[in-house]
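What follows is a single structure, written as structure tokens, with notes after it.
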Amino acid sequence: MNSIELIAEIGINHDGSIEKCRKLIEGSNLSGCKYIKFQYRNLNRCYHSEKEIGDEILRKEISRCFIKPKDLINLTEYAKSLGLFVGISFFCLEDINDFKKDLKKFDFFKIPSPEMNNYFLIDKLLNLDKKVFCSTGAHSQNDIDFLVKRYKGQKQLIPMHCVSNYPLEAFNSIIGYVRYLKKIWGGSVGYSSHDKDQMGCIVAASMGADYIERHVTLDINSDGLDHSTSSNLTKFKLLNDQLKLVSYQRVGDNPRIVNQGEIINLQNLGRSFYAIKDFKKGYKINEKDFEYRSPRTGLGFKEFKNYLGKEIYSSISKGEVLSEYHFKKRADEKLQISCLLNKKINNISLPVRLHDIKKIRDIFNISNFECHLSFGEVLNKKDLGIFLNHESYSIHIPDYISSTQLIDPFSENKTIREKSILLIKKTHELGTYLNGLTGKKIIIVGSFSIYKKSKKEFYSSLKKLHHEFSDKRVELCFQLLPPFAWYFGGSVKVDIFDSMEDYKLISDLNLKICADLSHLLMSSYYYNFDPEKAFELIKNNAVHFHISGADGPDGEGKGLKHLKNNEKRILDKMIFSDKLCVIEVWQGHLNGFNGFKEEIEYINKVYS
6 MNSIELIAEI GINHDGSIEK CRKLIEGSNL SGCKYIKFQY RNLNRCYHSE KEIGDEILRK
66 EISRCFIKPK DLINLTEYAK SLGLFVGISF FCLEDINDFK KDLKKFDFFK IPSPEMNNYF
126 LIDKLLNLDK KVFCSTGAHS QNDIDFLVKR YKGQKQLIPM HCVSNYPLEA FNSIIGYVRY
186 LKKIWGGSVG YSSHDKDQMG CIVAASMGAD YIERHVTLDI NSDGLDHSTS SNLTKFKLLN
246 DQLKLVSYQR VGDNPRIVNQ GEIINLQNLG RSFYAIKDFK KGYKINEKDF EYRSPRTGLG
306 FKEFKNYLGK EIYSSISKGE VLSEYHFKKR ADEKLQISCL LNKKINNISL PVRLHDIKKI
366 RDIFNISNFE CHLSFGEVLN KKDLGIFLNH ESYSIHIPDY ISSTQLIDPF SENKTIREKS
426 ILLIKKTHEL GTYLNGLTGK KIIIVGSFSI YKKSKKEFYS SLKKLHHEFS DKRVELCFQL
486 LPPFAWYFGG SVKVDIFDSM EDYKLISDLN LKICADLSHL LMSSYYYNFD PEKAFELIKN
546 NAVHFHISGA DGPDGEGKGL KHLKNNEKRI LDKMIFSDKL CVIEVWQGHL NGFNGFKEEI
606 EYINKVYS
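The opening residue of the sequence shown carries number 6 in the working numbering; numbering runs sequentially from there.
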């Protein structure tokens, strides 16, 4: 995915105040953008005379908003200490010399629209081997064609569509030109916004703009030339969030790929073929031997037709779904997979539902399990005889308290709050029973994604919940979450347990967590942080691990073999810890538990 970068154009909206400028830098950083930019004009090289009314206005504004090069460098160093990339606009070649050796401290440069034809200025800045943005406002197509011809193939130059009206009305914005500019340029392009509102930026991004420049201000009603065509810090953060979404929305110029939410919905709403009686190995299947029912956890209608009359290589029990697994030849039907070729590694665990734990025991030589129960299974009577005293268990609290409501122990709705607490209590009771059976401490994992007040208050409330439901026998911990979760058949923005801000609060409060590797990686893709640094921040809070990879911000449960080197280093620390590591590969329980088999075989190969 080619993400869209937002540039906070501070310009002259600091009104000449260093304190205001620092606030704009801090606000831009908190918005999530990575680029900020200043403007610079040496007052002695600006206007030759003031014969026009407009010249007089501009001269006074530029003088009022002037900040010395030394102060701009100090502000640049402060911004860079926050992790921001800092740029500056120059209006003439001579002004560059005012910064001398400090010029190298800037990360990029900008050619304002009036200087688009100033090739001496462009060449000078390109020779510094850094990105140079160039606005095209108020120039004819002939001028732009000449720019393109002169610098074609110069990857450091990024032309930006711009209409030089202040403010710019929607009917004059011709934002579709972004597509044309990208076509003739053949590389990255941008959009320099002077729109009254932010909608133009969203449209430009959807047209293919890779960079969006938008003026930022503390108050759009301030006196000054640029404030009225700027965004305040609240709206600027909203714009940054929206541009991230557009980055994903404009992906898709390729053959159709089904997302995980669609797979879940197809599974829940679709149908597969279920055996109406037992069939032994070697039986050739017939359509009349199966019922076509939901959910679709096995072969669908199209696939089933392809297997009619073919021999099965594994027996099928009455009520069992027919899958590709039944048609694969194996040397031994009861394939025993050793999870622990290396005796030092005895902490690998598999997620199980109550109805499949016996089957998993038959296939896998493993004694660690994480019980994933529905809210109905937690609340109702269970067959406790399925649990064995030599095994180790953890329990995942259901995400739902009903078919329409997520768990929320702090809800303002009394019914939701009481149902949520009851679910936690019942899970704790099961954990206490399993501790008595096995003599081992039981970890209970909860995913809590709803908060209404501040994050700090929410995490503080969770810490109290931890104390209430944790003792020597059972410990409650809280799962790291992805930036988007598949709830109720759709993708829902989570915004908790998923960012560096969250991880810092978790660390400061010493909140006990289940560190889910896939969720951590998904968040790192979305928020663009270093997952290793994030893990170092929270590793001492982790009492439990979930292990699998990720494919972007919404591709959960990718196989471990797809991990990048830095991601695998996190996995190494998890596996060589003394904490349970639950394999959470996507839909590993389907098709004869084939996903679990592949992951265990990978672990055997790499860690034995």
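Where a beta carbon is used, it is the ideal one built from N, C-alpha and C, also for glycine.
Exercise. Grouping DSSP H, G and I as helix and E and B as strand, with all else coil, what is residue 292?
Worked result: Here the question's residue 292 lines up with position 287 in the sequence shown. The answer is helix: DSSP assigns residue 292 an H, G or I state.
For this session: Starting from residue 26, trace the beta strand (DSSP E) both ways and give me its first and last residue.
Result: As a first step, residue 26 is located in the sequence shown; it is residue number 21 there, counting from the start. Per DSSP, residue 26 belongs to no beta strand (DSSP E); it is in the alpha helix (DSSP H), 23-36.
Problem set entry | Neighbourhood of residue 499 by C-beta distance below 8 Å, restricted to the same chain and skipping five residues each side | Sequence index remark: in the sequence shown, residue 499 carries index 494 (1-based). Within the same chain, and ignoring the five residues on either side of residue 499 in sequence, the residues whose Cβ sits closer than 8 Å to its Cβ are 454, 486, 487, 488, 489 and 490.
Exercise. Does the beta-carbon distance from residue 142 to residue 169 come in below 8 Å?
Worked result: Residue mapping note: residue 142 aligns to position 137 of the sequence shown, counting from 1. Residue mapping note: residue 169 aligns to position 164 of the sequence shown, counting from 1. Going by C-beta atoms, residue 142 is nearer than 8 Å to residue 169.
Exercise. Among 223, 42, 68 and 442, which one has its Cα closest to the Cα of residue 84?
Worked result: The count along the sequence shown starts at 1 and reaches residue 84 at position 79. Nearest of 223, 42, 68 and 442 to residue 84, Cα basis: 42.
For this session: Rank 590, 600, 589 and 581 by C-alpha distance to the C-alpha of residue 611 and give the top, closest one.
Result: Walking along the sequence shown from the start, residue 611 turns up at place 606. Residue 581 is the option with its Cα nearest to residue 611.
For this session: Let me know the secondary structure DSSP gives residue 555 once reduced to three states.
Result: Working through the sequence shown from its first residue, we reach residue 555 at position 550. Residue 555: strand per DSSP, three-state reduction.
For this session: Along the alpha helix (DSSP H) that carries residue 577, what are the first and last residues, could you check?
Result: Here residue 577 refers to the residue found at position 572 when the sequence shown is read from its first residue. 570-580 is the span of the alpha helix (DSSP H), which, as asked, contains residue 577.
For this session: With a cut-off of 8 Å on the beta carbons, I'd call residue 380 and residue 428 a contact; round off their distance for me.
Result: What you label residue 380 is simply residue 375 of the sequence shown in a count that begins at 1. What you label residue 428 is simply residue 423 of the sequence shown in a count that begins at 1. Contact flag correct, Cβ pair sits at about 6 Å.
For this session: Would you list, in sequence order, the uninterrupted alpha helix (DSSP H) runs of no fewer than 4 residues that lie entirely inside the stretch 99-149?
Result: Counting only runs of 4 or more, we get 124-131.
Problem set entry | Cα-Cα separation between residue 199 and residue 301, rounded to whole angstroms | Reading the sequence shown from its first residue, position 194 is the one you call residue 199. Reading the sequence shown from its first residue, position 296 is the one you call residue 301. Taking the straight line from one Cα to the other gives about 52 Å.
Exercise. Roughly how far, in whole angstroms, is the beta-carbon of residue 397 from the beta-carbon of residue 587, given that I think they are within contact range, below 8 Å?
Worked result: Indexing the sequence shown from 1 puts residue 397 at position 392. Indexing the sequence shown from 1 puts residue 587 at position 582. Not a contact, Cβ separation roughly 11 Å.
For this session: Can you tell me which of the three DSSP states residue 486 falls into?
Result: Looking up residue 486 in the sequence shown gives position 481. Coil, per DSSP.
For this session: Determine, using beta-carbon pairs with one atom in the stretch 235-252 and one in the stretch 266-285, whether at least three such pairs fall under 8 Å.
Result: no
Exercise. Quick one: is residue 356 buried, meaning 16 or more other Cβ sit within 10 Å of its Cβ, or exposed?
Worked result: Within the sequence shown, residue 356 is the residue found at index 351, counting from 1. Buried, because 16 or more other Cβ atoms sit within 10 Å of the Cβ of residue 356.
Exercise. What's the C-alpha gap between residue 89 and residue 267?
Worked result: Locating residue 89 in the sequence shown gives position 84, where the first residue counts as 1. Locating residue 267 in the sequence shown gives position 262, where the first residue counts as 1. When rounded, the separation of the alpha-carbon atoms in residue 89 and residue 267 is 37 Å.
For this session: Examine the Cβ distances between the stretch 205-224 and the stretch 251-259 and report whether three or more of them are shorter than 8 Å.
Result: yes
For this session: For residue 272, I'd like the list of residues in its chain whose CB is within less than 7 Å of its CB, leaving aside the five on either flank, ordered along the chain.
Result: On the sequence shown, position 267 is the one that residue 272 refers to. Cβ neighbours of residue 272 beyond the five flanking positions: 300, 301 and 302.
Exercise. Can you tell me whether DSSP reads residue 17 as helix, strand or coil?
Worked result: As a working note, residue 17 is residue 12 in the sequence shown. In this structure, residue 17 counts as coil in the three-state DSSP scheme.
Exercise. Using 8 Å as the Cβ pair cut-off and three pairs as the minimum, do the stretch 540-553 and the stretch 515-532 touch?
Worked result: yes
Exercise. For residue 286, which of helix, strand or coil comes out of DSSP?
Worked result: Walking along the sequence shown from the start, residue 286 turns up at place 281. Coil, per DSSP.
Problem set entry | Candidates 458, 472, 321 and 79: closest to residue 27 by CA position | To locate residue 27, count along the sequence shown from 1; it is residue 22. Ranking 458, 472, 321 and 79 by Cα distance to residue 27 puts 79 first.
Problem set entry | Enclosing alpha helix (DSSP H) for residue 462 [first to last residue] | Here residue 462 corresponds to residue number 457 of the sequence shown, with the count starting at 1. Residue 462: member of the alpha helix (DSSP H) spanning 460-473, first to last residue.
Problem set entry | Sufficient close CB pairs (3 or more, under 8 Å) joining the stretch 15-25 to the stretch 69-77 | yes
Problem set entry | Contact check, residue 590 vs residue 560, beta carbons under 8 Å | Indexing the sequence shown from 1 puts residue 590 at position 585. Indexing the sequence shown from 1 puts residue 560 at position 555. No, these two residues do not count as a Cβ contact at 8 Å.
For this session: Go ahead and pull the three-state DSSP assignment for residue 206.
Result: Start at 1 with the first residue of the sequence shown, and residue 206 comes out as number 201. Three-state DSSP puts residue 206 in a helix.
Problem set entry | Among 76, 126 and 579, the one whose alpha carbon lies nearest that of residue 95 | Taking the sequence shown and counting its residues from 1, the one referred to as residue 95 is at position 90. For the residues 76, 126 and 579, the minimum Cα distance to residue 95 belongs to 126.
Problem set entry | First through last residue of the alpha helix (DSSP H) which encompasses residue 212 | Here residue 212 is taken as the residue at index 207 of the sequence shown, counted from 1. Neither: residue 212 is in no alpha helix (DSSP H) and is coded neither H nor E.
For this session: Would you kindly check if the distance between the Cβ of residue 548 and the Cβ of residue 406 is under 8 Å?
Result: Residue 406 sits at position 401 when you count from the first residue of the sequence shown. Residue 548 sits at position 543 when you count from the first residue of the sequence shown. Contact flag unset, no.
Problem set entry | residue 102 to residue 108 span [Cα, whole Å] | Looking up residue 102 in the sequence shown gives position 97. Looking up residue 108 in the sequence shown gives position 103. So the alpha carbons of these two residues sit roughly 8 Å apart.
Exercise. If you draw a straight line from the alpha carbon of residue 475 to that of residue 44, how long is it in whole angstroms?
Worked result: For the purposes of this step, residue 475 is identified with residue 470 of the sequence shown, where counting begins at 1. For the purposes of this step, residue 44 is identified with residue 39 of the sequence shown, where counting begins at 1. Rounded to whole angstroms, residue 475 to residue 44 spans 57 Å at the Cα level.
Exercise. In terms of residues, what are the limits of the beta strand (DSSP E) holding residue 299?
Worked result: For the purposes of this step, residue 299 is taken as residue 294 along the sequence shown, with counting starting at 1. No beta strand (DSSP E) contains residue 299, which DSSP labels as neither H nor E.
Exercise. At which residues does the beta strand (DSSP E) containing residue 353 begin and terminate?
Worked result: Here the question's residue 353 lines up with position 348 in the sequence shown. Element bounds for residue 353: 353-357.
Exercise. According to the Cβ coordinates, are residue 320 and residue 374 closer than 8 Å?
Worked result: Looking up residue 320 in the sequence shown gives position 315. Looking up residue 374 in the sequence shown gives position 369. No; because the gap between Cβ atoms is not below 8 Å, this pair is not in contact.
Exercise. Within this structure, are the beta carbons of residue 115 and residue 151 separated by less than 8 Å?
Worked result: Indexing the sequence shown from 1 puts residue 115 at position 110. Indexing the sequence shown from 1 puts residue 151 at position 146. No, they are not a contact pair.
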